RNA sequence: GGCCGGGUGGCGGAAUGGUAGACGCGCACGACUCAAAAUCGUGUUGGGAUUACACCCAGUGAGAGUUCGACUCUCUCCCUGGCCACCA
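Residue numbers (the numbering used here): 1 to 751.
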């Protein structure tokens, strides 16, 4: 009786061996430069709750892709790192007193261990950690580059303020007027804040999407977020409005102004419940420039001061929102038809001018928080805000701080942070910025650092920075993608990125679908349906987990976890292992069975194509078919064909294939450094073809003919006419037409 | 309200104009076993028909259309998921 496969022992053995032999380190050899692949996962935030199997799905996908590309001879850059700054670690520190640096690194160790036991082929020599001074030195340096080009600026601005977290929130972090994290109602507060001028890039962030391989859905989200709309600014009796429909001006019967519009004499207070339109008549009227109609001016809750001019014309006949408002307050509704000529007329009369508005705002990056990258600026009474000299970088995050929120950055409580701060221009004492940067800044350039992670002189050498070929991560990360694309474009424009690599950072983007609990609910502690790699690997092994996750269904769709499904994947690998054990005993020189040979070549073709297209589920099912075919005649299978099977399975089940590669196929070097097998087209076609015979589109019979004859219509027709089952249907009817699909199908159309 | 998906056996899914249900799960029966587990084999869309096989009909949310032929393309409708949202 052959040995049973001891997954724990074998997986540990090979993981140690791979690490020792450094087989996953990307080649630095410049001769392979034109054959490189950069395969990247969105790096994780190392949260306190460990990874679950859902997080792993994308990582397994990119790991398979990386292993496949390596075997195809590419120099593969496949690194991993940590988006280590962030609010949860700081909140945890407030609660427990444990320093964020300590808890974050404990979490990183958990994540890293989980990735390692899953058999990931990361090149850990390139690991990065955004909270390390070696990394954030360059985050600060990049901030200064943006500042020097006028792309970073400070301004007083009303910001969303969460009274509980005592911090500023980005627009995106406010959900229905509540703080994204703690559901506290958000209030407005005036603060001096740093912004990045992403609006300068709004148009290019749209047009750049044309040239990259992303799902349309994700592109659409980017476009919606930027929210470009072309319209007209019209001066109505002293009030400037923005509209995309100047052609409906004749139907305007009232004016609607944001509650805090400067034209208003007083501030109006309305409910923030936007489902309920609210307004108040100001007592004043303006004249419709087109027809002289007297239009009452209302202050309303459904117009936003931050968009357009903060004022609109109310056209209740044609706009649903205006209609709703007009009906509530009994305002006039007049029937009009849109008049496209008005675009021109208004412009000619000097009443309006064409204008493009964007929904996207400049990116507010200041955070009154501790656990983030310090902003490398000092304020001088005489010279204003100045960047610190490059030689002073990094500005270290001080350790002597009080974490408890006091309405300003905890860094302000440090006794050491301000020491020796001087103005680089005049040398006088200056005050350091105590805010930190939004963590999205870190993740906007980390993928560049991976190209040259140890560089102590530059953020990354220009000649080493390349765009990501395959980027995989959550599809709902609109902002991260926008911010990262903005960074890349800005640095590209400054000549910090080589022109030849283009101005888009992520050439291909794919998002894994959620893995739901076995109850079809989102995995969460609340439902008790969370499955982690630590639940599965000790029992079934990493290879089983990997094969199952990839086999569950299409990569990009939601799918529920199934314990029996895991067992099925485990059974499949058991059959594979026994096949190698069995065949290892009776070694054939050459596989003779033509069915096996053609199946083998078809599978080589299909698995390669499927991997490149992220169709891992069908790649595995075709491998299952191959294994089933081979198992039927296991004693006839040659060693060289078994090697091919091992190579095809190696990206999916790297440990078991490494084991059989050595133990049963007697190879010396790692299977993961071997070459991907090639197929011969002549073997992928079967010797015999099955021709479907249809009568009026209904399948009535089938013929098995030598493939080289199956393309001959006359011959196929003649054979079909003699076929008993066909004859039965053609007896006594007139054939009107015959459709022939070469090598596949013959359809008799009768009257 | 806007944008984007999805609807196929008991279940996850396969098939992007040419034999619907590959592959896997589950289930049933059989082999091995004292027995069980593991493993192997057979069957498994529904209905009809047959001692049995061959066979026949229906069938991919509903309805229409295009086509020799539609899960696949077009239109209408129903259901369902996601993202954004008073964007003027």
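Don't be surprised by glycine CBs; every beta carbon is placed ideally from N, CA and C. Every value quoted in this text rests on a predicted model; they were computed, and no experiment measured them.
Whole-angstrom distance between residue j and residue i, CA atom to CA atom
i: residue 349; j: residue 283; result: 29 Å
i: residue 30; j: residue 23; result: In this predicted model, residue 30 has a pLDDT of only 47, less than 50, meaning its place in the structure is not dependable; the value taken from the coordinates is given anyway. Answer to the nearest angstrom: the Cα atoms are 18 Å apart.
i: residue 289; j: residue 312; result: 14 Å
i: residue 676; j: residue 487; result: 37 Å
i: residue 211; j: residue 750; result: 50 Å
i: residue 299; j: residue 62; result: 54 Å
i: residue 361; j: residue 202; result: 10 Å
i: residue 681; j: residue 437; result: 56 Å
i: residue 42; j: residue 83; result: 9 Å
i: residue 706; j: residue 552; result: 37 Å
i: residue 251; j: residue 342; result: 12 Å
i: residue 344; j: residue 235; result: 15 Å
i: residue 594; j: residue 623; result: 17 Å
i: residue 240; j: residue 144; result: 37 Å
i: residue 386; j: residue 111; result: 39 Å
i: residue 748; j: residue 14; result: 60 Å
i: residue 71; j: residue 643; result: 14 Å
i: residue 572; j: residue 5; result: 13 Å
i: residue 752; j: residue 400; result: The question about residue 752 has no answer here: the residues shown for the chain are numbered 1 through 751.
i: residue 196; j: residue 308; result: 20 Å
i: residue 35; j: residue 69; result: 10 Å
i: residue 497; j: residue 338; result: 49 Å
i: residue 153; j: residue 423; result: 18 Å
i: residue 449; j: residue 331; result: 59 Å
i: residue 493; j: residue 141; result: 16 Å
i: residue 113; j: residue 98; result: 22 Å
Helix, strand or coil at residue i [DSSP, three-state]
i: residue 141; result: helix
i: residue 661; result: helix
i: residue 225; result: helix
i: residue 343; result: helix
i: residue 281; result: strand
i: residue 420; result: coil
i: residue 124; result: helix
i: residue 688; result: strand
i: residue 735; result: strand
i: residue 30; result: Here the model assigns residue 30 a pLDDT of 47, short of 50, so the residue's position is not dependable and the matter cannot be decided.
Sequence-distant residues of its chain with Cβ nearer than 7 Å to residue i (five each side left out)
i: residue 590; result: 638
i: residue 626; result: 599, 600, 603 and 645
i: residue 499; result: none
i: residue 679; result: 601, 604 and 605
i: residue 544; result: 566, 569, 570 and 573
Cβ-Cβ distance between residue i and residue j below 8 Å
i: residue 408; j: residue 434; result: yes
i: residue 232; j: residue 353; result: yes
i: residue 691; j: residue 702; result: yes
i: residue 255; j: residue 305; result: no
i: residue 652; j: residue 546; result: yes
i: residue 472; j: residue 512; result: yes
i: residue 380; j: residue 442; result: no
i: residue 7; j: residue 697; result: no
i: residue 394; j: residue 416; result: no
i: residue 136; j: residue 77; result: no
i: residue 310; j: residue 325; result: no
i: residue 193; j: residue 155; result: yes
Other residues of its chain near residue i: CB distance less than 6 Å, five sequence neighbours each side excluded
i: residue 18; result: none
i: residue 421; result: 378, 430 and 432
i: residue 1; result: Confidence in residue 1 is poor, its pLDDT being 44 and thus under 50, which makes the residue's placement unreliable; the coordinate value appears in the next sentence. Excluding sequence neighbours, residue 1 sits near nothing in its chain.
i: residue 483; result: 440 and 444
i: residue 12; result: none
Bridge-paired residues (DSSP) for residue i
i: residue 168; result: 161
i: residue 258; result: 300
i: residue 75; result: 36
i: residue 354; result: 232
i: residue 429; result: 422
i: residue 366; result: 437
i: residue 242; result: 233
i: residue 374; result: 436
Spatial neighbours of residue i in its chain, beta-carbon cut-off 8 Å, leaving aside the 5 residues before and after
i: residue 267; result: 259 and 260
i: residue 209; result: 219, 222 and 223
i: residue 522; result: 514 and 516
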